[in-house]
Amino acid sequence: MYILNEPTVMMAKIDDVAIFIQNETFCYYSPNSTAMPLIEALLAGYDAEEVRKAALAVGYFLGENNCAFEQLLEQMTAEKLIVAAETKGKEGMPVLPPPADKEEPVLFRYEDLQDMLALDPIYEV
Amino acid sequence: MSVSVIIPTYNSCLTLARAVNSVLGQTLLPNKIIVVDDGSTDDTRTILQKMPVQYIYQKNQGVSAARNKGWSNATGDYIAFLDADDCWLPNKLMCQVAFMEKHPEIGFCYGKYKSMEAATIREEGFSLLLSGILCRRALVETVGGFNEDLRNHEDTDWFMRISDKGIKSGKIEQFLFVKHKQSGSLSNFKDAVLNKEEFLRMMAANIKARQKRN
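Have a look at this one:
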């Protein structure tokens, strides 16, 4: 199972927008509407493979080779947004909402505030 | 080439004269100094009476509204902001104007600061705090003013909108201003943590606006 890499990473979901702020790289991220339920299921403690199966079962588009979820997972671990946890997670498949659209899951990465977040002590959040 | 300086102030009569004097002591003087009094109840008006500034009073509406009011009265090709509790180092404007004239492709520039508590330097380094930037008037016209709904992080919101427009900035390797920390006040860190939700909310709103445009 995976957990949020706290306190390095701060995450919030406000209205229908989720945001991750990585306080080491000062990049910030936002998942599209397909990625968000998958990430929420992961962070709720479900096994990654079970999340993938659940996504396919309710019709999520996971890319041409069904590997977009693995890529999302790789990106999130490579950027240290989430880390593998030793503890046992939830059993079984998560119940995912129907896909909001036909896009594959994407986590957008933004670098435009790196200077500001990194340089100004006032932004040490 | 002309520069307008905007100083928003609210009950800062103890530090305001120092701020204004640091502008008057510049090696390159601005054409206009606009002090926007955001509904102060202290001696702000009295202190400014003998100073060569344009004094504008408004009922308390927050720092964003005060800066926007200043901007709407600014006439310079360049606009600089200064918070009433900060002060500039003497070459600040001269360095920045020379830099901007040399680099027409950038929209604003910033440099180094020193953070002082009493007479002790607490921190120093580069800063994007508004007291240290100089921007083109055209930038403000393109991006718009500060979000008056935000009581905190309005500057981050503004910089995000600048970034979203693809406007470039320039970094100057010189000390430009001094940020004075008030003894006993919350640290910047604590202040940011207390305002975390508002900070995240502001960032999420910007992301949503970008997603809509794209």
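Those protein sequences? They're chains A and B, same order as listed. Converting from the first sequence to this note's numbering requires adding 1 to each position, the first position being numbered 1. Converting from the second sequence to this note's numbering requires adding 194 to each position, the first position being numbered 1. C-beta atoms are modelled at their ideal positions from N, C-alpha and C, and glycine is treated no differently.
Identified DSSP bridge partners for residue i
i                     : result
residue 21 (chain A)  : A:12 and A:30
residue 375 (chain B) : B:311
residue 282 (chain B) : B:371
residue 364 (chain B) : B:303
residue 248 (chain B) : B:228
residue 91 (chain A)  : A:47
Three-state secondary structure assigned by DSSP to residue i
i                     : result
residue 5 (chain A)   : strand
residue 391 (chain B) : helix
residue 336 (chain B) : helix
residue 290 (chain B) : helix
residue 125 (chain A) : Residue confidence is low: residue 125 (chain A) scores 34 on pLDDT, short of 50, so the model does not pin down where it sits. Its coordinate-derived value is still stated next. Coil, per DSSP.
residue 62 (chain A)  : coil
residue 326 (chain B) : helix
residue 317 (chain B) : strand
residue 401 (chain B) : helix
residue 108 (chain A) : strand
residue 220 (chain B) : coil
residue 253 (chain B) : coil
residue 386 (chain B) : Only weak support exists for where residue 386 (chain B) lies, its pLDDT of 48 falling under 50; the value from the coordinates is given anyway. Residue 386 (chain B) falls in the helix class under three-state DSSP.
residue 345 (chain B) : coil
residue 214 (chain B) : helix
residue 103 (chain A) : coil
residue 208 (chain B) : helix
residue 381 (chain B) : In this prediction, residue 381 (chain B) has a pLDDT of 38, which is less than 50 and means its spatial position is unreliable; what the coordinates show is noted afterwards. Three-state DSSP puts residue 381 (chain B) in coil, outside helix and strand.
Terminal residues of the alpha helix (DSSP H) in which residue i lies
i                     : result
residue 264 (chain B) : 257 to 267
residue 58 (chain A)  : 49 to 58
residue 76 (chain A)  : 69 to 79
residue 355 (chain B) : 348 to 358
residue 241 (chain B) : 238 to 242
residue 36 (chain A)  : 36 to 44
Residue i: first and last residue of the uninterrupted beta strand (DSSP E) it sits in
i                     : result
residue 416 (chain B) : The structure shown does not extend to residue 416 (chain B), since chain B is modelled only from 195 to 408, so the question has no answer here.
residue 179 (chain B) : Residue 179 (chain B) is absent from the model: chain B starts at 195 and stops at 408.
residue 274 (chain B) : 272 to 275
residue 86 (chain A)  : It is not in any beta strand (DSSP E) - residue 86 (chain A) carries neither H nor E in the DSSP assignment.
Cross-chain neighbours of residue i in chain D, by beta carbon under 7 angstroms
i                    : result
residue 18 (chain A) : The displayed structure is made up of protein chains A and B, and chain D is not among them.
query = Name the residues in the segment 332 to 359 of chain B whose C-beta lies less than 7 angstroms from a C-beta of chain A; which are they?
reply = The residues in question are 350, 353, 354 and 357.
Which of the residues in the segment 92 to 106 of chain A, read from start to end, lie with their CB under 8 angstroms from any CB of chain B? Listed in sequence order: no entries.
- Would you list, in chain order, the members of the segment 388 to 408 of chain B that have their beta-carbon closer than 7 angstroms to a beta-carbon of chain A? Across the segment 388 to 408 of chain B, CB contacts with chain A closer than 7 angstroms involve 390, 393, 394, 395, 397, 398, 401 and 402, in sequence order along the chain.
Quiz item: Quick check: the segment 104 to 112 of chain A against the segment 60 to 69 of chain A, are there 3 or more CB pairs under 8 angstroms?
Solution: With the cut-off at 8 angstroms, the segment 104 to 112 of chain A and the segment 60 to 69 of chain A touch.
Cβ pair count under 8 angstroms reaching 3, the segment 286 to 296 of chain B against the segment 246 to 259 of chain B: Counting Cβ pairs under 8 angstroms, fewer than three are found: no touch.
Q. Given 8 angstroms as the limit, is there contact between the segment 72 to 88 of chain A and the segment 38 to 50 of chain A, that is, 3 or more CB pairs closer than that?
A. Yes, they touch.
**Q.** the segment 338 to 358 of chain B touching the segment 278 to 286 of chain B, judged by at least three CB pairs closer than 8 angstroms
**A.** Contact fails: fewer than three Cβ-Cβ distances are below 8 angstroms.
Any contact of the segment 67 to 76 of chain A with the segment 5 to 20 of chain A, i.e. 3+ C-beta pairs under 8 angstroms?
The segment 67 to 76 of chain A is not in contact with the segment 5 to 20 of chain A.
contact_flag[the segment 363 to 371 of chain B, the segment 254 to 271 of chain B] where n(CB pairs < 8 angstroms) is 3 or more: No, because fewer than three Cβ pairs between the segment 363 to 371 of chain B and the segment 254 to 271 of chain B fall closer than 8 angstroms, the two stretches do not touch.
Do the segment 233 to 244 of chain B and the segment 301 to 308 of chain B touch if we need at least three Cβ pairs shorter than 8 angstroms? Under the 8 angstroms Cβ criterion, the segment 233 to 244 of chain B does not count as touching the segment 301 to 308 of chain B, having fewer than three qualifying pairs.
Cβ-based contacts, 7 angstroms cut-off: residues of the segment 32 to 65 of chain A near chain B:
Contacts with chain B (Cβ-Cβ distance below 7 angstroms) from the segment 32 to 65 of chain A involve no residue at all.
Q) Does the count of Cβ pairs from the segment 386 to 406 of chain B and the segment 15 to 32 of chain A closer than 8 angstroms reach three? A) Cβ pair count under 8 angstroms is three or more, so yes.
request  = Evaluate contact between the segment 307 to 320 of chain B and the segment 207 to 224 of chain B, counting only Cβ atoms and requiring at least three cross-stretch pairs below 8 angstroms.
outcome  = Output reads no: the segment 207 to 224 of chain B does not touch the segment 307 to 320 of chain B.
- [ ] Would you check if the segment 276 to 283 of chain B and the segment 205 to 217 of chain B touch, i.e. whether three or more CB-CB distances between them fall below 8 angstroms?
- [x] Yes: at least three Cβ pairs fall under 8 angstroms.
Check whether the segment 94 to 102 of chain A and the segment 47 to 57 of chain A touch, using three or more Cβ-Cβ pairs below 8 angstroms as the test. Because the criterion of three Cβ pairs below 8 angstroms is met, the segment 94 to 102 of chain A and the segment 47 to 57 of chain A touch.
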